[in-house]
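Top line first, the protein sequences correspond to chains X and V. Count the first sequence with UniProt numbering and you get residues 1 to 143, in order. Count the second sequence with UniProt numbering and you get residues 1 to 1283, in order. For each residue, glycine too, the CB sits at the ideal point set by N, CA and C. None of these values were measured; they are calculated from a predicted model.
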Amino acid sequence: MIVCVAVVGHQNNPLYIQSFTEADDALKLHHIVHCSLDVVDERVNNPKKSGPLLNETFLGLLYPIENFKVYGYLTNTKVKFILVTTDLDVKDADVRNFFRRFHAAYVDAVSNPFHVPGKKITSRTFAERVSTIVKSFGLTSAV
Amino acid sequence: MMDPATTPLGQMLLEEITPVVMVLSTPSVEDSSLKNGLSFLHLLTPFCSFNNIDVPVRTASDQPYRLHKFKLRLFYASDVRRPDLKVAKERLKQVITEAGEKVFSELASDVPHIDHEHASSEYRNTPSWFQFLNKELVRVASFSDHEAFDHPVACILAVSSNDEGPINRFVDLYNSNKLPSLLNGGAMDPNILKHYLLVHDNQDGPAERASKIFTEMRSTFGTSDCSLLCINSSVDAPIKHQVNPWASHMSDASLSQGLGCFLNTDDINEIKNLMQNLSSKYIIPNMEQKIRELNQQVSATRKGFRNQIKNLWWRKGKEDGADSPNGPMYNYSSIESQIRVLGDYAFMLRDYELALSNYRLISTDYKIDKAWKRYAGVQEMMGLTYFMLDQSRKEAEYCMENAFSTYVKLGSLGQQNATRCGLWWIEMLKARDQYKEAATVYFRICGEDILHSAVMLEQASYCYMLCKPSMLRKYGFHLVLSGEQYKKCNQIKHAIRTYRNALSVLKGSTWSYINDHVHFHIGQWYASLGMYDVAVKHMMEILACSHQSKATQELFLSDFLQTVKKTGRTFEVTKLQLPVINISSIKVIFEDYRTFGSPSAANIREALWNSLEEEMLPSFSTAKSNWLELQSKLIPKKNSQSNVCIAGEAVKVNIEFKNPLQIPIPISGVALICRHSGSTDEARSDENQSNMEKNNEIDHFREMSSDNTSFSVSEVDFSLGGGETTMVQLSVTPSVEGTLSILGVRWKLSGTIIGFHNFESSHPKKNIVKGRRKSNYSPNNMFKFMVIKSIPKLQGSVRHLPGKAYAGDLRQLVLELRNPSDFPVKNLKMKISHPRFLTIGNPEHIKSEFPACLTKKIDSVNNDAQANPGIMSDTVFMFPEDTSIQGENPFLWPLWFRAAFPGDISLCMSIYYEIGDISSVIRYRTLRLHYNVQILPSLDVSFQISPSRMRMQEFLVRLDVVNKTSSESFQVYQLSSVGKHWEISLLQPPDTIFPLQSLMAGQAISCFFTLKNSRLLTSEANEPAMHVRSDLSLVPQSSDNLVFNINNAPLINFHHFESIAKSYTDQGDLNTVDFVLISRSLKSDNNSGLSDPPCVMSHHACHLSTASTGPISWLVDGPRTLQHDFSASFCEINLKMHLYNSSHATAIVRIDTLDSAGSGGVVQSPTSDIQAGWHDVTPTTPTSEPKVTSNAFETQLKKALSLDSVSPYIWSGSSSTNLHLEPMSSVETPLQICVFSPGTYDLSSYVLNWKLSSKGHGGGDETKQQSGKCQGYKYYITVLQSS
């Protein structure tokens, strides 16, 4: 189950962060997402580890923490997408697929002429779309 | 790669894994050493580490090597055991608490900023007490029976020369009952190297007795194993040692002063020699020997293929043995223990190769035996050996990992060992710059003990910082985690410290949730420590947390207010974020020569006022805006940059306050902070200012706010609901001349905390109303005023001005002016922005009744129209010279208001006056009044004029009136034409037009009039006596006899402005007519939205043209029907054409008749010559309905004609006639046609070409048509066959 998704701007400022748990752990998830930026930075600055795929946007598993797994994705405008999940055996393909759809949703959201680049994403449509994607994440992995 | 021995871990190992020497001493030995403030053990300890010895060592191999550094660890026999866990924990806790206190007190007031460059310096930011603490943690795990390096290799037996029977005491000391369990329990060989030491205290007397005992000892225990130590030789006075060797070994630095005070240099040298001898001559050789012995034994039993097979087989057989966590017990004599001892000895003598081979050997055995703790211990040592050998990092890490996880698996038994192992592993990783991995190990050694894990988490966080590149976010996160743990075990000071460090990471980031959390907790914790000031400072950071939920906001705010309350005083802060002040909204409104009648007037753009006042203000030089410059010349130079305000008159500042929270917040005592200085003591105020800069800002403000003798400020209280924004107007009124500066604003939140906001420090861009010379002002000057002495200020208002009115509404208003001051004003002038809406009346109007004053008096019928043309001009209105405004009585002047067109209108009026007697910087002032009026649509009036075909200079007028209101009913009362040349008359009686006498809401009506140009009738004589009926009452005469005089003020004035508004250039055109329609609202209808229903309304229509084409009008006159006997002859019809020239020039007209051959009477196609030709009435009618019908009619007619008129008519007589038409004259010319058969004929097939002679007109204006061509209009004639 996905517990949190986040969009982080190129200056590492949070643009959108949404948790999908009932529990009041927003702060914890904020911390986890915040910390994951360190790993993203490391991945980006160490081309050795990222391997031959230089243009790969998907950063893979960033780090496991407590009972969560954190995945990352970096767009070519240096916007990061972070996914926090509780699933222990996640297929890379699923995550990739998720990020691809999430990216599309993000692109649509920021294409809104009323969206100010670098400011938080407040679009309700985006939120709805993200929650649909998040819900379908569980389903596709089950199928 | 650096030498492993120089790394922190290497040094730690060289210090910690060294031979242990057990010390046994008699109480008298302790007594004599205690004279120096030291126990016997401590007395010896500083001399146990040897940094420059040179001892040859030969272990298993034949190749000897040399040791240069060596260290012995001394322990009392009672301490040679596993440390008590509880005591150790207590001790750790104490260490941490002490460190907390110490570090906390050193804590700098501001958060250190950490960036990537900073982080690179190792250990710079890590607290030093970590190392000490880690050492303690390592020691907790010492003296375990599963490892041999803590086993004593030798034993010092110390007996004093004072003791009774010293030889026996030596024997007693090494009594097996008192020996530690390690030796007794069989874990190690109790038969260890013993050294007999006789201690002689020189203070007790000469050394004879001692030397006697010493010889006895030598004979008993053997010469080599005995030594004599004389201490306390300094009898006379205590010695102060320059470099005190004991100081560094004592935990408490304060006691180190008197240490060793009775030991002179000889004593110290003696101890030094003793220990060096002991180590190099006895302990090291003894260890060497033991190594060789054990090595031989091990080689014999375990080396070689055969032995290995045997060993394996033997172990297999033992498999079903006791499976206790410790595995089977191993006696010191067992081969496993011996191998371990061999390895440890080799390690201590730094023969790492040998040690490693033995550890490897034993490791598999323990694994097979499932002796997990021993296995882990060996793995740990293997890892360390690999590290010291600087070989195979992978192996080293693998071993450490293995050891660590094995210890962890053991649970509580292996807890301390796991910690120690982890710490060594971490050090190993750190030595290799693998900080990230080190951090994860720290994370793993967080045990169940909260305090422990707090410390470990904090250390982990420092590792993240030391990473390359540093992972500051993880650093922050782990600090927060660690702070949480510290908090849980009441180490609040540590918690604060960690959180504060975490702040350095978060500073400037937009991760507001995390930021809020950290600030809030720091605040709470500081508050719990009673440091409310700092607590408040931190809590203030999070007050404006609009992103948080409502509950959180309430929590934050209530906690904050509680903390503030606890401080016990009203708190004063400069950066209070509640409420938020919208800096860009700040507007300063002040009155210098410009004064405002209402706040709304101040909001009007300055440029608007300037354009309005342009003509009124005296201009001192040619340049347009130079009056301001000139004024500034009058002001002393140094003040030329500042604004001017007048003593006793308020300077207002509009500030917008916004509540970012969802909960309401009460704000009180909002006031401006100002500074006033007298004009004379300029120097003193400068001095003041410099003093103030030294003080802090708050004090500065407080001082300012207390001083208000020379000015008074207004205070405002309000409450801001959730998310609300309020504009507040604050004012300051200076009472004395001088300089006034507005520094900022202060307010009180919830009655407890006072916030300040400094205008000057914020935002350089200010939205100042008086922005005329904006570029010249620095922001500070915007808030700086030169106060001059009080001068008169007029107050004015317009009475009875409605807020809402229907279009056309005409009202009488009164302008009221007051001058409360004692000084007179003179030269009053006034200008109004919208003369269409507001005109200036006559003073006599004020007495007369409205609307009666608008009606025509019976006696003064010829009341001349342009009574006062001065008013008509749209320039400045001058009040009479003798106008004086002073004192209580208001000065009244009538104004006329007429709602000219629908919409929202802002009316601006500016009144100029000069100040009478006083000499002042300001010589004149203007009073600016501003009103907003909303004007609703009422009646929509349109006129259509078409020439009458019956008579020359007569026109048919169609009036369409639509009531556009939703509820109001109006009575259309009177229609008048403006001027004396037009006479109007009704075609129908008014009763038939308005059967209800009123026009209901939404109703539309049309009525027709005839309009006659009376000038034609009166001809050139133009006798004024001739009364022209230009007013037409549209109500039955019986009801009301009032006739409104539209040629009198104010109606004529308004009409004038209306016609200007239509902007016709040809005002003198005689062919245009202006109408005024007067209507009244019906009094009975009271449910309208207006409080004050309109009484009289006037609608003006200007410049309606009568002649649609040119100056020539004509009329064809003749019979319409006639009978003729066509059997006798064809019919000749005589017609007359009347032509009239309405222009001022002579016209030459040519009439061309066109004989149409085929199509005869059929009219020309309607597309040709539309603009030039005459049209029927219908095409010009804008209202669609009649047009449609008439078009249909026309086409029908055409069809009928084209079918019927087979026989056309012909024009007889001349086909072209030329005529000269004098200006304003008419002429008649005959026409004749011949008709051959009965039928209906359209006599429109002629063309009028006209040309104005330009001589008479003298060039004229070009816009006027000089010549033209007109198509004949339809004239139907019907000829019938006479019977």
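request  = Kindly say whether Leu-27 of chain X, judged by its beta-carbon, lies nearer than 8 Å to any beta-carbon of chain V.
outcome  = yes
request  = Below 8 Å on the Cβ atoms is my guess for Lys-964 of chain V versus Pro-937 of chain V; work out the distance and round it to an integer in Å.
outcome  = Indeed, because the Cβ distance is near 4 Å, the residues count as touching under 8 Å.
ask   = Using the C-alpha atoms, what's the distance from Gly-669 of chain V back to Ile-17 of chain X?
value = Roughly 40 Å between the two C-alpha positions.
request  = Under 8 Å by Cβ, that's how I've got Met-1137 of chain V and Thr-1229 of chain V pegged, so tell me the actual separation to the nearest angstrom.
outcome  = 5 Å
query = Taking 8 Å as the CB-CB cut-off, is Ile-114 of chain V touching chain X?
reply = Confidence in Ile-114 of chain V is poor, its pLDDT being 49 and thus under 50, which makes the residue's placement unreliable; the coordinate value appears in the next sentence. No, no contact with chain X.
message = Let's test the definition: count the other Cβ atoms within 10 Å of the Cβ of Gln-562 of chain V and tell me whether it reaches 16, buried, or not, exposed.
response = exposed
inquiry  = Contact criterion: CB-CB distance below 8 Å. Does Pro-14 of chain X meet it with respect to chain V?
reply    = yes
task = Mind listing the chain V neighbours of Asn-67 of chain X? Cutoff is C-beta to C-beta under 9 Å, in chain order.
result = Within 9 Å Cβ-Cβ: nothing; Asn-67 of chain X doesn't reach chain V, min ~15 Å.
Minimum Cβ-Cβ distance from Pro-469 of chain V to chain X less than 8 Å = Interface residue, yes.
task = Identify every residue that forms a DSSP beta bridge with Asn-932 of chain V.
result = Partner(s): V:Ser-906.
request  = Return helix, strand or coil for Thr-570 of chain V, following the three-state DSSP convention.
outcome  = coil
request  = Would you mind sorting Thr-215 of chain V into buried or exposed? The rule is 16 or more other CB atoms within 10 Å of its CB.
outcome  = Exposed is the call here.
key: Rounded straight-line distance, which links the Cα of Gly-60 of chain X to that of Val-7 of chain X   = 16 Å
inquiry  = Mapping the DSSP letters down to three states, classify Ser-1267 of chain V as helix, strand or coil.
reply    = strand
inquiry  = I'd like to check one pair, Thr-6 of chain V with Leu-349 of chain V: are the Cβ atoms closer than 8 Å?
reply    = no
task = Taking only beta-carbon positions, decide if His-517 of chain V is within less than 8 Å of chain X.
result = yes
Proximal residues of chain V, C-beta to C-beta of Cys-35 of chain X below 7 Å = Arg-473, Lys-474 and Phe-477
query = At a Cβ threshold of 8 Å, is His-10 of chain X touching chain V?
reply = With 8 Å as the cut-off, His-10 of chain X does not count as an interface residue toward chain V.
ask   = Leaving out the 5 sequence neighbours to the left and right, which residues in its chain are closer than 6 Å to His-800 of chain V when beta-carbon positions are compared?
value = Leu-813
key: Those residues which DSSP pairs with Leu-672 of chain V across a bridge   = V:Val-745
query = Whole-angstrom Cβ separation of Asn-643 of chain V and Glu-724 of chain V, contact assumed at under 8 Å?
reply = Rounded, the Cβ-Cβ distance is 32 Å, inconsistent with contact.
ask   = In three-state DSSP terms, what is Leu-278 of chain V?
value = In this structure, Leu-278 of chain V counts as helix in the three-state DSSP scheme.
task = Compare the beta carbon distance of residue 1285 of chain V and Gln-886 of chain V with 8 Å and say whether it is the shorter of the two.
result = Since the first residue of chain V shown is 1 and the last is 1283, residue 1285 of chain V is not available in this structure.
query = Should Arg-746 of chain V be labelled buried (16 or more other beta-carbon atoms within 10 Å of its own) or exposed?
reply = buried
With 16 other Cβ atoms within 10 Å as the buried cut-off, status of Lys-507 of chain V = exposed
inquiry  = Quick check on the burial criterion: 16 or more other C-beta atoms within 10 angstroms. Buried or exposed for Thr-739 of chain V?
reply    = buried
Min CB distance Glu-448 of chain V to chain X below 8 Å = no
query = Looking at the unbroken alpha helix (DSSP H) that takes in Asn-417 of chain V, where does it start and where does it end?
reply = 415-431
Length of the line joining the Cα atoms of Leu-608 of chain V and Ile-935 of chain V = When rounded, the separation of the alpha-carbon atoms in Leu-608 of chain V and Ile-935 of chain V is 21 Å.
key: Inter-residue spacing [alpha-carbon to alpha-carbon] between Asp-25 of chain X and Ile-514 of chain V   = 12 Å
task = Taking only the alpha-carbon atoms, compute the straight-line gap between Glu-737 of chain V and Leu-617 of chain V and give it to the nearest angstrom.
result = 26 Å
inquiry  = Tell me which residue opens and which closes the alpha helix (DSSP H) that Tyr-352 of chain V is part of.
reply    = 352-369
ask   = Applying the criterion that 16 or more other CB atoms from any shown protein chain within 10 Å of the CB defines a buried residue, is Lys-493 of chain V buried or exposed?
value = Per the 10 Å Cβ criterion, buried.
inquiry  = Quick check on residue 170 of chain X: does DSSP put it in helix, strand or coil?
reply    = Outside the shown range of chain X, which is 1 to 143, sits residue 170 of chain X, and nothing can be said about it.
query = Does Phe-137 of chain X come within less than 8 Å of chain V when only Cβ atoms are used?
reply = Cβ-Cβ to chain V under 8 Å: no for Phe-137 of chain X.
message = Per DSSP, what are the beta-bridge partners of Lys-587 of chain V in this structure?
response = V:Asn-654, per the DSSP bridge assignment.
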